[in-house]
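Mapping of the first sequence onto the UniProt record's numbering: residues 1 to 219, in sequence order.
Just so it is clear, CB atoms sit at the ideal spot from N, CA and C, and this is done for glycine as well.
Computed from a predicted model, the values in this text were never measured in an experiment.
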Amino acid sequence: MKKSDVIEFYARLAADNPHPETELKAGNPFQLVVAVALSAQATDIGVNKATRALFEEVKTPEQMVALGEAGLKQHIKTIGLFNTKAKNVIALSEKLIADFGGEVPADRDALETLPGVGRKTANVVMNVAFGAETFAVDTHIFRVGNRTGLARGKTPLAVELKLDKATPAPFRLHAHHWLILHGRYVCKARKPECWRCIVADLCAYKPKTPAPPSRANAA
DNA sequence: CTCCCGATAT
DNA sequence: ATATCAGGAG
């Protein structure tokens, strides 16, 4: 995508949503790490539903360890991959206590040493909890980047590095939320709603659905 | 590369 | 019935 189009692309998303935020609910950095770790291959809505009760009683790594793996499973059994997630979250909590004084480190490499935390989760935490200009490439951003031509790559890391190069200063902090929200609600995986997309004219995606789903023939 | 895995939309 | 959902680890 041309540099001028990239600027226009972001400018429109920014005008449409000046203050984009995470839809994952968390009261502190620890809860954020847990919520994002739980969100792999699951919807934000599903994660929030499970963490509502969980986060009322668990606000620290110590409380998570006290709850235990079996107790945690009871809270998150409605989320996919819950067995490995429960194990990871307990282990992650223990490691925060043992190696980081019970605090969430404001460092991507340190975050990535936590069980169940990879580059994408670490990037989310750095951006949301610590205000870092990171580009957390999840399934939505990977799709939007490749589809639109904004940032193409065969792997999430490749797309992340391209976004880092292509994204101008004024948009770097919120780029990841603009892109994820656009992917979630407009540039959907199955049925992208191009007819109401505000950046459709800048997009490389060809099989655009030209019009909204056919309402029954109008009178 | 495979496995992990429930809820929801299509 | 199947694709998809804020991925990560072996």
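- When the beta-carbon positions are compared, His140 and Gly183 come within less than 7 Å of each other.
- Two segments are said to touch when three or more pairs of C-beta atoms, one from each, lie closer than 8 Å; by this definition the region 190–204 does not touch the region 157–176.
- Straight across, the Cα-Cα distance linking His176 with Leu67 is about 33 Å.
- For Gln63, the enclosing alpha helix (DSSP H) covers residues Pro61 to Ile76.
- The straight-line gap separating the alpha-carbon atoms of Arg108 and Pro207 is approximately 38 Å.
- Ranked by Cα distance from Phe142, the options Arg172, Gly131, Thr113 and Leu181 are led by Leu181.
- Here the alpha carbon of Lys3 sits roughly 43 Å from the alpha carbon of Gly102.
- Cβ-Cβ distances below 6 Å link Gly116 to Ala37, Asn88 and Leu92 in the same chain, with the five nearest sequence neighbours on each side left out; the list follows chain order.
- Using a Cβ-Cβ distance cut-off of 8 Å, the region 41–49 and the region 10–20 are not in contact, since fewer than three pairs of beta carbons, one from each stretch, lie closer than that value.
- The beta-carbon separation of Glu62 and Ile97, rounded to 7 Å, stays under the 8 Å limit for a contact.
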